[in-house]
Amino acid sequence: MLRSALLCCSVVMLFFIACKESGPLPETPESPARTAEEEALTFQIEQGFEIQLVASEPLVESPVIIQFDEDGRLWVVEMRGYMSDFEGSEENQPVGSVAILEDTDGDGQMDKRTVYLDSLIMPRALGLFKNGALVAENNSLWITQDLDGDWQADSKVLLDSTYAANGIPEHSDNGFVRNVDNWYYSAKSSLRYRLQDGEWIRDSTELRGQWGISQDDRGRLIYNYNWSQLHGDLVPANYLSRNKNHQPSTGIDHGLTIDRKIFPIRSNPAINRGYIPGTLDSAGRLLEFTSASAPTVYRSHLFPKEYLGNVFVMENAGNLVKRNVVAENGALLEAHDPNPGKEFFASTDERFRPVNATVGPDGGLYVADMYQGIVQHGSYMTPYLQEQTKKRGLDSPGHMGRIWRVVPKGFDPAQFPKLSKASNKELIDYLSYEDGWFRDMAQRILVERNDPTSVVGLEGLVKNGKSDLGRFHALWTLEGMGKVNAELLLEVLKSDSDLLKATALRQLEKPAFESPDLLAQVEKVVNAWPDKISETLALQLALSSAVFPTETRTKIISGIFEQHGHLALIRDAILSSLEGEEFVLLKRLAASPTWTEANTDREIFLEMLTTAVVNNGKPEEISGLLTLADAEQIGWKETVILTGIAIKAADIEAPGFVKLSESPSIFSRKDFPLDQNRTAMLKRIFSWPGYQPESKLAVAGDLDEKAMKQFAVGRTKFLTSCAGCHGSNGKGAARMGPPLAGSEWVTGDEVKLSLILLHGIEGPIEVAGKTYDAPEILPVMPSHSTMDDGDIAAILTYIRNEWGNQAPPVTGRTVSSTRHLNQGRVYPWSANELKKHIAGTAAPKP
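Laid out in structure tokens, this is it:
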């Protein structure tokens, strides 16, 4: 009966799609629950595409995660307990499920449902593997398996009781993507997992994202946050966090775009902060992302070629799906909206709630539509939102849901392949398939089979394959099988492909570390590379250089810095490979005849090295810094070193731990470059007979001990994100940015200053009586909205108390409230506009 109803629905849907050329149905004053056929009439889609219904209730309910398995079946995580009423009364009830949907007749509609696992409490993660799945529910992660072939779980074993342990639906581990490196990664999680030799391995990793995670063709992890739509990793996991002496500011959690603008096609009053002016436009439509989730990289050739590599972002509060075009700029990734003013996919139905998506084996973009009135969890629901939800009748009914497929017009659904039945040879061929789904799935199956007879074919693909991506996947398949071939990797290092050379470097690190002979061979090949290499290859070489002996590493890193040291990402990569040997490189650079001229990049890097040396905590190295600075003439290098020690001194836990035999003569020099406050900070690290610094950090100006620590963090963040335009000395940089030293914008209203970092500023600006405008400075200072509130606050505290500036610190709470109260601002401010805005929001004087 259900199957015949769905077939009928398919015919009706095709009719509706054909009749929608005139545009979507307009929104209505109320927001009633619609049938899937009625909801389809509310859709607007980019020209050339159509939307097809794949499944709806009762076949599927409350879908929050969807994934295709190797045989083209669609697995669905159903979070049925999520906010089915205002009280969230089912949240602790075992009402959730993991279901497997199948299209048994190839008509493009799912017509069979198998409940793989039920009686689940708030399920939130799914990681498929042979005959089973990692499933997160009830605040834990479980290994589940079908042992008898009926695709109903027979085994459920606890893997990790800490996964999703906090239980907050919006802020807890979720998702899973099986990355090309054979690890399973999650969003909102610092954990990763891997199936190896029949055992699950758990490892720590960098915390990333909020809801949903995917990867691009090169295995870069892509994720986002509800307020910032698109982030990603520019480096493989767990590299930049290796050096305990250095905290990176780039590479992980890279914001691909500062664009937060969205363009709904209906009003959105039922959102948490709809009462704040500027959140909604004059038509009541949401202006910026407030519930961005599940960025999905399009890795298929079904869509026109310009869509390859695009990232689709779900926005359930705005009832839309955003399309971003992603481009590589050297080692960086950048994204932009190709059609500002109109979204790729939007609805006039307020219950359309896209929360997850995946690209199917047919190349279609599959969208999980929770189709629910209440999407804000009760923990964060404001009285305003509760009132709006009741007013619009969105508090019921629950337990609905749809899955839609976006395809080019004229798409003809075909039977999905069954890769589980493919031979090893066929799977090896699939590693070079043009669509990413096939490459990923073939790699996973080959790794799980771990058949020794497939090694020859895989190595043959690496040697002779015509597709770099196919050879790339073959290398990682061999790695997943434990069949890394060092001789083969050495040959790959000599190839013309930077992608393959970088992959070979990564995979050679462990065997080369264990074999001096192999390491020597790697050194020989790398030393034969041209002096100038691309940013992407230099990035991996900087990361992998940790395996080389000190002299080789120092030489390689010095060369990389000379070519690419202007990139903060490269500087962080270099530091990540230097744990415990930062002082060696610092001395080399300080003595280098090529390092006579100062520039911002050198100053920043030298201070980063100095900070790392202090963090390393070896008294002989720290006193060695002081000796280096006590040169015959104190120049820019010596001043940077002294400054770096002083700034870091604000953050040390044991004052005076570097014990000297006598008072350093440098402190009595007439040309000593630091002021009184900075000198006092510097001395805090040292002690000598007759001198022991106070245990409590001395306050400076408006800064107490807590703010002084924030000041030290802010200096590091400033050097990475701001010094390129404003100068490490705060005096500004020609054709880049105005001065910060002595700027009334910096020392003035902290909310106004926060707004500049959150939204940017453009046009002429007057600083200390002088007007700065293009071309003397850049026409626009971009937003830094992808930074978190604490980092912005640290930067602001720093610049308000450096270079003679003096002003109270800025707290993360101030930045957070400023961000929320000005939600909806999606364009840079002009100076005059910002002044008027602050004047208009100022509290009246008593």
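Residue numbers (the working numbering): 788 to 1633.
Backbone N, C-alpha and C define an ideal beta-carbon position, used for all residues, glycine too.
Between residue i and residue j, how many whole angstroms is the CB-CB distance? I'm expecting something under 8 Å.
i, j, result
"G1038", "H1018", "Not really, about 11 Å apart at Cβ, beyond 8 Å."
"P1569", "I1552", "Between I1552 and P1569 the Cβ distance is about 14 Å, and since that is not below 8 Å, they are no contact."
"L1275", "V1249", "6 Å"
"A1155", "P850", "4 Å"
When you compare only the Cα positions, how much space is there between residue i and residue j?
i, j, result
"L1233", "Y980", "18 Å"
"L1429", "Q1463", "13 Å"
"A805", "I832", "Residue confidence is low: A805 scores 39 on pLDDT, short of 50, so the model does not pin down where it sits. Its coordinate-derived value is still stated next. Roughly 13 Å separates the two Cα atoms."
"I1006", "N966", "A small correction: the amino acid at residue 1006 is Gly; Ile does not occupy that position in the sequence shown. Cα-Cα distance, rounded: 6 Å."
"L801", "R1086", "Only weak support exists for where L801 lies, its pLDDT of 43 falling under 50; the value from the coordinates is given anyway. Each residue's alpha carbon lies about 26 Å from the other."
"Q983", "G1267", "8 Å"
"I908", "L1396", "49 Å"
"R1471", "G996", "38 Å"
"R1606", "G1367", "39 Å"
"A1630", "T1601", "Residue confidence is low: A1630 scores 45 on pLDDT, short of 50, so the model does not pin down where it sits. No coordinate-derived value is stated."
"Q1327", "I1215", "27 Å"
"V1613", "T1573", "13 Å"
"E1384", "L1415", "17 Å"
"W1616", "L1540", "11 Å"
"Q1002", "F1454", "53 Å"
"D1136", "L828", "9 Å"
"P956", "H1353", "41 Å"
"P1000", "V1142", "Looking at the sequence provided, one finds Ile at residue 1000 rather than Pro. About 12 Å."
"R1110", "D1124", "6 Å"
"N1025", "A923", "23 Å"
"A1580", "G1547", "15 Å"
"T1534", "Q1593", "7 Å"
"Q1420", "P1460", "11 Å"
"D968", "V1401", "34 Å"
Among the options, which residue has its Cα nearest to the Cα of residue i?
i, options, result
"R1340", "S1410, V1309, L1354, R995", "V1309"
"G1599", "L1545, L1393, I1045", "L1545"
"L1218", "N1211, R1226, P1200", "R1226"
"L1324", "L1172, A1118, T1466, F1370", "A1118"
"F963", "R1029, A886, A1081, G1061", "A1081"
"S1332", "N1055, N1251, A1360, V841", "A1360"
"E848", "A1057, V864, V1242, Q839", "V864"
"L934", "N1588, K943, L928, N926", "K943"
"G875", "E1492, Q1173, G893, E1481", "Q1173"
"P910", "R900, N925, Y903", "N925"
"E1115", "D1020, P1200, T1083", "D1020"
"A841", "V851, P1460, D890", "Per the sequence shown, residue 841 should be read as Val rather than Ala. It is D890."
"V1597", "C1512, L1490, P1200, Y1559", "L1490"
"E1589", "M1495, D1576, L1542", "M1495"
"I1434", "I1063, A1467, H958", "A1467"
Mind checking whether residue i and residue j have CB atoms under 9 Å apart?
i, j, result
"P811", "F830", "yes"
"M870", "G1165", "yes"
"L921", "L946", "yes"
"L1292", "L1280", "yes"
"N1097", "V1113", "yes"
"A1499", "G1517", "no"
"K1196", "P1239", "no"
"Q854", "G868", "no"
"G859", "Q1350", "no"
"A1273", "A1289", "no"
"E1296", "V1334", "yes"
"G1223", "V1146", "yes"
"L1636", "I1391", "With the chain covering 788 to 1633 only, the question about residue 1636 has no answer from this structure."
"S1448", "P1476", "yes"
"R1072", "I1052", "yes"
"L861", "I1161", "no"
"L1181", "S843", "no"
"K1212", "G1244", "yes"
"Q1163", "R1138", "no"
Would you say residue i lies against chain B (beta-carbon separation less than 9 Å)?
i, result
"M1101", "Of the protein chains in the structure, only one exists, and it is not chain B."
Any beta strand (DSSP E) of 3 or more consecutive residues that is wholly inside the region 814-890 | 830-832, 836-843, 850-855, 861-865, 883-889
Any chance you could list the alpha helix (DSSP H) runs of at least 4 consecutive residues sitting entirely within the region 1344-1384, in chain order?
-> 1355-1363, 1369-1378
Can you check the region 1568-1606 for any alpha helix (DSSP H) of at least 4 residues that lies completely inside it and give the ranges in chain order?
-> 1576-1586
Go through the region 1047-1112 residue by residue and report every complete run of the beta strand (DSSP E) that reaches 3 residues or more, in order.
-> 1079-1084, 1098-1102
Could you name each continuous alpha helix (DSSP H) segment of 4 residues or more that falls completely within the region 1424-1493, going from the start of the chain to the end?
-> 1463-1470
For the region 1133-1192, list the alpha helix (DSSP H) runs that are entirely contained and at least 4 residues long, ordered along the chain.
-> 1170-1178
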